[in-house]
Each structure stands twice: as structure tokens, then as C-alpha cells.
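2 protein chains.
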Amino acid sequence: MRLSTKGHYGLKAMFDLAMHYGSEPIPLKVVAERQGISENYLEQLMAVLRKVGLVKSVRGAQGGYILAKPPSEIKVGDVVRALEGPIAPLECVSEHEPAACEKVDYCISRDIWARVRDSIAEVLDSITLEDMCRDAQKNQMHNSDL
Amino acid sequence: MRLSTKGHYGLKAMFDLAMHYGSEPIPLKVVAERQGISENYLEQLMAVLRKVGLVKSVRGAQGGYILAKPPSEIKVGDVVRALEGPIAPLECVSEHEPAACEKVDYCISRDIWARVRDSIAEVLDSITLEDMCRDAQKNQMHNSDL
DNA sequence: TTAAACTTGAGTAATTTAGTCGGATTTAAT
DNA sequence: ATTAAATCCGACTAAATTACTCAAGTTTAA
């Protein structure tokens, strides 16, 4: 039941962009340094986020990344799903096209994992990047943004 | 955010034992066949469950496994934790001795993963093997027990 | 005595993870 | 026009994890 670094780093990067929403595009290099993530690796994650339409990129000098939508319209669940795939403790209870179980009719444990899936999704979909920014300000984070 | 087959198979096996609680010990071979799990692999999982005190083994011919406690006293969370380790979407929010984050003071995303962890734990700890058996009976599972 | 069972430890192919690296392309600034 | 700052793209890889298999040993009911 572990999140990979994709979702972990990806959310950090999105939060970083959210904290600077409205200003110039932020170069990957800056985000990576600020969040302590390998620049090369983050590159891959941003490519996914761009293709999914969560961020926009500006190429060339003075370029960088910006959120494609205001922070209030981006849920944590959107970011996690983009990078980790559909929420699914098991294949057979995947949010997206659940794979058929061997037991077609009924499976006890499936119900349990479906409940786990839903409870995860409920948390992730109830928090937006704006919420994160608000909480960050409330906790008056001094040193840069993490 | 995927469960490995350890937790998946382990829970199936424990449910199988719960469905036969009170009678003779059930040989691994029977559980494995009934649940469609590799016998050799399940062997390893049962060893863990035994060391943790969730099942008892009876060696020798006519031996097998039985639950160490009544189904009402075994939570799904107990089984999952035994086989998958402490619930922890990320190391830094592990139920058991969370690893120190790089940012000692505060980390926004940590709060989120802690909430995810708690919501998973709440589901898994609210269901006992007895609950599973009751649901199984309610759904009148005809073909063996799965 | 035998066969059914658990016990233990080693080994392993396939997959996933968490990256690295090199080079191409775009564009603001000089 | 040149340069430097960026994104973009695809290939590559070491290490860890997963999901097993297998062999040999021990225990015990029949």
C-alpha cells in the first residue's frame, strides 16, 4: 500500500506551482531544487502532467511550467491518478475498467478492497491545491515552500 | 497504491480458515486449492501469520492450520499489517516509527498522506473475519468458499 | 513404517522503481 | 545572428520488489 515517488514528487511539484500561480512560468530546475527532486526525473513526471492537461509548458528561455487551471480546480486525486494510474488496491476493484476476477459471481475480499479504494479516493478528491496553499500559509512556512 | 498478493492471498486464506473455525485444522493444500493460490507461496505467508500469532499450526499427518483466535477478534487490518507491513502510503507517515522527512518542521503533503493512511486503517480495522463470514453467508455463496 | 503435513532456507525470472543521459528543439535576450 | 535558457523526447540501466519455485528436513496420526 505504498505510493511511488511519482505521485509523491508530482504532488510536491504541483503544490510548488500552485504557490506561484499567476506569475511567470517556473522553470523545472527551480521546482526541482526547491522540492529536492532530481531534475531529470521530474522532467518525466511533468511530461505526464502536461499530456493530461494539468500543467502548461512555455518553451525556450524564460520558459517553464504553469498550472493549466487555477489551484481551486485541481484536486490532489487528479494529480495522483495522472501519475499513479487509477486508484486500485487490487486490479479487480480498479476505478477504471476493473479486471475480471476469477470468481465472476462474488468475492468477499473484493468488497473490502472496494471500500478501501473509495475511502482513499474520498480523501484525495476532497483536497485541492488551493486547500494545500491555504494550509501552508496558515502554518506560515518560512523556508521556501515545502 | 497497490496491495501486493501477500495481503490479498493472506486475507483470502484467513477468511477460509474463519469459515471453518471450530473444526479440525485445515491443511495448507486445501486452503490453497480452495482459494486458487500457489501452495508453495501460501506456505511463506502462513509462516508469517503464525509468527505473528494470528494462526496456529498442527504438524504431522492430519495437521494443518487454525485461527489462533476467534474470527470476531481478528481484524482485516491485523492480517494486512502482518503481511504488508505498517500502513504507510509514504515512509514518513508510517504507522510504525515514521522515517524522518528531510523537512523536519513541516511538510504539506505529509498531512495528506497521513489522512489517507488513517482512512485506510479505519476501513481495515472496522472489519473482522467474523464480519466477512456473515456477509458471505448473507450472499449465500454456493460454490465452495471464495 | 508410511504418508501427510508443517518448517526452513535458498534461488530466480519478471517486473517495477527511480532514476540517468544525450541530443533535439524552441525562444527570449543581447 | 548568436547565445543561453529552457522544454521535449527516447533510450538506457542499476537496484529493489514481486511472486513465485524447489529441495530437504521434521513431526505425527494411522
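Here the protein sequences come in this chain order: A and B. For the first sequence, position 19 matches number 19 in our numbering, and the numbering has no gaps at all. Every number in our numbering is 146 more than the matching position in the second sequence, counting from 1. Beta carbons are placed, not taken as given, at the ideal position from N, Cα and C, and that holds for glycine. Just so we're clear, the structure is a prediction, and the values are computed from it rather than from any experiment.
Under the assumption that residue i contacts residue j (Cβ atoms under 8 Å), give the Cβ distance between them as a whole number of angstroms.
i        : j        : result
LEU124/A : LYS69/A  : Not a contact, Cβ separation roughly 17 Å.
VAL194/B : ALA228/B : 6 Å
GLY85/A  : ALA121/A : With a Cβ gap of about 13 Å, GLY85/A and ALA121/A do not count as contacting.
TRP113/A : LEU149/B : 7 Å
Could you check whether residue j and residue i sit closer than 8 Å to each other, using their CB atoms as the reference points?
i        : j        : result
PRO25/A  : GLY63/A  : yes
LEU28/A  : VAL79/A  : no
CYS279/B : ARG256/B : no
GLU95/A  : ARG117/A : yes
ILE37/A  : ALA13/A  : yes
SER265/B : SER119/A : yes
Select from the options the residue whose C-alpha is nearest the C-alpha of residue i.
i        : options                                   : result
HIS20/A  : GLU33/A, TYR65/A and SER38/A              : TYR65/A
ILE254/B : VAL30/A, PHE15/A, THR5/A and GLU39/A      : PHE15/A
ARG115/A : VAL52/A, ALA136/A and LEU90/A             : LEU90/A
HIS8/A   : CYS247/B, ASN285/B and ALA282/B           : CYS247/B
ASN139/A : GLN283/B, ASN285/B, ASP281/B and TYR252/B : TYR252/B
GLN35/A  : LYS56/A, VAL52/A, THR5/A and ARG50/A      : THR5/A
VAL177/B : VAL198/B, MET147/B, ASP281/B and LEU213/B : LEU213/B
Run through chain A and tell me which residues come within less than 7 Å of residue i, C-beta to C-beta.
i        : result
MET278/B : ILE108
LEU188/B : None at all; the shortest Cβ gap to chain A is about 15 Å.
Check the Cβ of residue i against every Cβ in chain B and list those closer than 8 Å, keeping chain order.
i       : result
HIS96/A : What HIS96/A touches in chain B: nothing, since even the nearest Cβ is about 13 Å away.
Going along chain B, which residues have a C-beta under 7 Å from residue i?
i        : result
ILE74/A  : The contacting residues do not exist; ILE74/A stays about 13 Å from chain B at best.
LYS12/A  : SER255
ILE151/A : Residue 151/A is absent from the model: chain A starts at 1 and stops at 146.
Give the interface partners of residue i over in chain A, defined as CB-CB distance under 8 Å, in chain order.
i        : result
VAL269/B : ILE112, ARG115, VAL116 and SER119
GLU179/B : Neighbours of GLU179/B on chain A: none; closest Cβ ~13 Å, over 8 Å.
ASP281/B : ILE108 and ASP111
For a contact defined as C-beta to C-beta under 9 Å, what are the partners of residue i on chain B?
i       : result
HIS20/A : Near HIS20/A there are no residues of chain B at all, since even the closest Cβ is about 14 Å away, more than 9 Å.
ILE26/A : Under the 9 Å cutoff, chain B gives no residues; its nearest Cβ is about 17 Å from ILE26/A.
MET1/A  : MET147, ARG148, LEU149, SER150, GLY153, VAL226, GLU230, GLY231, ILE233, ALA234, PRO235, ARG263 and ILE266
Cβ contact (3+ pairs, closer than 8 Å) linking the region 182-190 of chain B and the region 117-132 of chain A: No: fewer than three Cβ pairs fall under 8 Å.
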